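Trainee:
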Amino acid sequence: MEVLRKRKKTTEGSTEGTDAGVEAGVEEEMMATAGSDEMIQVSEEMESDIQRILEKIDRFTQQVSEMLETGKQLFKDLSSEFEERMILIHREQMEKWQDDIKLLRMIDSTNEASRALLQNAQLHLLENVREN
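Residue 20 is where the sequence shown starts when you use this note's numbering, and the numbers rise one by one after that.
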């Protein structure tokens, strides 16, 4: 029961979950059970099981770290592509609107020229009507 309390205390006290904290807990457990050969055998087996779990933790931690780095790089690439695409869309839209402005100015200029021509023709007709 005392071994269980010590193990529980070590687990609760270790908020970081480091390998050193777990190994310290294993050492405490081995010292507490060093009284009999049978308990030492169980402790060695338990230590082996704990080591396998620690190796799994290390592999999993490495996988998570690699996935995080891959994800960060993916988001960085996507962010760059998104930014480039948005800039391209903006540039294309600005060019379209600039072309629209040029077209409107050209139409306005043509309309003004036509209006001036019609006004001159109207004045000329009015002068001819007055003379007759």
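Every residue, glycine too, gets a C-beta built ideally from N, C-alpha and C. Bear in mind the structure is a predicted one, so any value in this text is a computation, not a measurement.
Once the 5 residues before and after Met113 are set aside, which same chain residues still bring their CB inside 8 Å of it?
Mentor: Around Met113: no qualifying Cβ.
Trainee: Roughly how many angstroms lie between the CA atoms of Ser133 and Leu93, to the nearest whole one?
Mentor: Cα to Cα, the separation comes out at about 59 Å.
Trainee: Classify Ser84 as buried or exposed, calling it buried when 16 or more other Cβ atoms lie within 10 Å of its own Cβ.
Mentor: Exposed, by the Cβ-count rule.
Trainee: Please report the distance separating the alpha-carbon of Asn130 from that of Trp116.
Mentor: The straight-line gap from Cα to Cα measures roughly 21 Å.
Trainee: Applying the criterion that 16 or more other CB atoms from any shown protein chain within 10 Å of the CB defines a buried residue, is Ser62 buried or exposed?
Mentor: With 16 or more Cβ atoms within 10 Å of its Cβ, Ser62 is classed as buried.
Trainee: Give the DSSP-derived three-state secondary structure of Asn151 in the structure shown.
Mentor: Looking at Asn151 - three-state DSSP - the assignment turns out to be coil, as it is neither helix nor strand.
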